[in-house]
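Visitor: In this text, residue positions in the sequence shown follow our numbering: the first is 2, and each later residue adds one. Glycine residues also receive a C-beta, built at the ideal position from the N, C-alpha and C atoms.
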Amino acid sequence: MNPYQLFSQFGISRSVYELALSASEQMMNFNRSIDSIAEARQLGVLQAFHNARISESSFNYKSGYGYDDLGREQIEEIYAETMQAESALVRIQFSSGTHVLATCLRALLHRDDDVLIVSGLPYDTILPSFGKIRLLNSAGEKDEIFQYSESRQTLAANGVSVRAVELTKQGQLDLGQIETALLPETRMLYVQKSRGYSSRRALLSEEIADLKTLVDRLAPGCIIMVDNCYGEFMENLEPTAYGADLIAGSLIKNPGAGIAPSGGYVCGREDLLQEIAEAMTAVGVGAEIGPSLGFNREILAGIYFAPQVVAAATAGAVFAALLFQKAGFSVAPLPEEIRGDLVQTIQMDNADQLTAFCEAIQAAAPIDAHFSPIPSEMPGYDCDIIMASGSFIQGSSIELSADGPLRPPFTAFLQGGLNFHNARLGAMLALERVQSL
C-alpha cells in the first residue's frame with residue numbers, strides 16, 4: 002500500500018494529501034523546539050518520581066476517609082516539584098478545571114475582598130462562579146457590568162467585588178491599567194493563561210514575572226492566581242516559577258495525558274493550599290481526607306507521560322496551523338509563534354463550516370467516530386456549542402477534540418491528540434470536509 006492509500010481510505014483527496022505533505026516538510030522547522038521542551042520536562046518529571054520514591058505500593062487502593070494515603074501524598078510531591086511550587090493538592094474528587102478554580106476562589110475570597118481579573122473576561126464556564134463582573138474601561142468610557150448568575154453561591158452574592166481589565170491590543174497584560182485598578186482591598190489578581198473562547202493570544206509563563214514585580218511593589222499581600230488549563234508542559238517553566246502564588250488545572254487536560262480518569266490540581270504556596278483544602282473538604286480535616294480510590298496508578302502514569310503527549314498534541318496543532326494557512330484560512334497562533342497553551346484556532350466563514358470541521362474531528366477519533374456531533378446548549382454557555390470529542394475519557398481535551406460556539410466569528414478551537422499521526426489525520430479530514438461545502 003502506498004502512503005497516499007493510507008489516507009485515501011479515510012476519504013482524503015489527492016489535493017489535500019499533497020498540501021499535507023508540504024505542511025509536514027515545514028514541520029521540520031518546529032519539531033526541534035517542541036522536542037527540546039518535551040525532553041526537559043520529561044527528565045524533570047522523572048527526577049520528581051525518584052525524589053518521591055515511587056514504588057508499587059504507591060498504587061495501593063485507599064477507600065473511606067482516605068487517611069494515610071501514601072500514594073496520594075507522593076503524587077502531590079511530584080506535582081509540587083514538577084510545577085516549581087511549594088506544595089500541591091491533587092485530587093480525583095475534582096470533576097473539572099472549573100470545579101478546581103471555583104474551589105480556590107471560594108476558599109480565598111471573602112466579604113469586602115476585591116478580585117481583579119487581569120486577562121479580560123474569562124471563559125464561559127467560570128463566569129457564573131464570579132456572579133457579577135465590572136469590566137473597567139481604560140478609554141474614559143463608562144464601565145460595563147455583566148451579571149452571570151443570581152445564585153447565592155457566587156462571589157458577588159457573598160460580598161466580593163469582582164472587576165476585570167482587558168489585555169492590551171497586543172494581547173499582553175496591561176500593567177499600567179492594572180496598577181491604576183489596584184485597590185487596598187484587592188486580595189487577588191486572577192489570570193487566565195489560555196485564550197479560552199476568544200481571539201486573544203495565550204499568555205506565556207514568563208509574563209507573570211512583570212506582574213509579580215508590580216504586586217511586590219504596590220500590593221505585597223495580593224495573591225496572583227493563574228488558571229493554567231491547557232498550559233501545562235507547553236513551556237520549560239510554569240507560571241509558579243515566575244512568581245504566581247497559585248496555578249490550577251484539570252487532570253483531563255494536559256497533565257493527565259489522556260490516562261487520568263478525572264481530577265484536578267492546585268500548586269503553589271503552602272499556606273494558601275491549606276485554606277483551599279479546607280474549602281474542598283472541611284475545616285479541621287483539610288487535605289487529610291479524600292481517598293484515591295485506586296486511581297493513583299492512572300494519575301501517576303498520566304503525569305509521567307504528559308510531556309510526551311503534550312509534545313505530540315503541540316505538533317498536531319502546529320501542523321493544523323500550517324495546513325489551514327496554506328489553504329487560505331486565518332489561524333492563531335501562527336505556526337511560528339511561541340505557544341502558551343495547546344489551543345489552535347482556525348477561522349471558519351459560517352456555522353456550516355464550523356459544524357463540518359467538528360464533524361471531521363469526530364470522524365477521525367478512535368471512539369464514537371460513527372457519530373456526528375450536534376450543536377446544543379451547554380451549561381455555562383450563552384449559545385449553542387458544537388463539540389467533537391471521541392475520547393477515552395469523557396470531555397478530555399488532551400485527546401483529539403474540537404469545539405466552538407455557533408456565533409460569529411465562527412472560530413474552530415482545536416486541541417489535543419494523544420499521538421501526532423491521529424492529530425494529523427484529523428486536520429486533513431477537517432480541511433477535506435470544509436472544502437467540500
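(1) Would you call N297 buried or exposed, if buried means 16 or more other Cβ atoms sit within 10 Å of its Cβ?
(2) M84: buried (16+ other C-beta within 10 angstroms of its C-beta) or exposed?
(3) Between I339 and S331, what straight-line distance do the alpha-carbon atoms span, to the nearest angstrom?
(4) According to DSSP, I146 sits in a beta bridge with which residue or residues?
(5) Taking one C-beta from the segment 230–243 and one from the segment 304–311 each time, how about it: are there three or more such pairs within less than 8 Å?
(6) Where does the unbroken alpha helix (DSSP H) through M379 begin, and where does it stop?
(7) Which value, in whole angstroms, describes the spacing of the CA atoms of Q345 and A316?
(8) Considering only the beta carbon of each residue, do Q193 and D144 sit closer than 8 Å?
(9) For L273, is the classification buried or exposed, using 16 other Cβ atoms within 10 angstroms of its Cβ as the cut-off for buried?
(10) So, with DSSP's three-state summary, where would you put Q395?
(11) Taking Cβ to Cβ, would you say L401 is nearer than 8 Å to A313?
(12) Pull up the distance between the alpha-carbon of V163 and that of A389, whole angstroms please.
(13) Measuring CA to CA, which of S23, Q416, C359, N3 is closest to D342?
(14) Do S200 and A108 come within 8 Å of each other at the CB atom, strictly closer than that value?
(15) Report all residues from its chain with a CB closer than 8 Å to the CB of R54; omit the five preceding and five following residues, and keep chain order.
(16) Return yes when the Cβ of A365 is within less than 8 Å of the Cβ of L430, no when it is not.
(17) Are the CB atoms of V161 and V267 nearer to each other than 8 Å?
(18) In chain order, what residues of the same chain lie with their CB nearer than 8 Å to the CB of I368, ignoring the 5 residues before and after it?
(19) Does the Cβ-Cβ distance between Q27 and L426 come in under 8 Å?
(20) Determine the closest residue to A41 out of D69, A182, L238, with distance taken between C-alpha atoms.
(21) Is it the case that the segment 165–184 contacts the segment 88–101, given that we only count it when at least three CB pairs across the two stretches are under 8 Å?
(22) Assuming L212 contacts I225 (C-beta within less than 8 Å), just tell me the rounded distance between them.
(23) Taking the alpha-carbon positions, what's the S16 to Y5 distance?
(24) Can you tell me whether F95 is buried or exposed? The criterion is at least 16 other CB atoms within 10 Å of its CB, across all chains shown.
(25) Helix, strand or coil for I300, going by three-state DSSP, please let me know.
Guide: This is what the structure holds:
(1) buried
(2) buried
(3) 17 Å
(4) R135
(5) yes
(6) Here M379 belongs to no alpha helix (DSSP H), and DSSP marks it neither H nor E.
(7) 11 Å
(8) no
(9) buried
(10) coil
(11) no
(12) 33 Å
(13) Q416
(14) no
(15) Q75
(16) yes
(17) no
(18) G391, S392, F393
(19) no
(20) L238
(21) no
(22) 6 Å
(23) 11 Å
(24) buried
(25) helix
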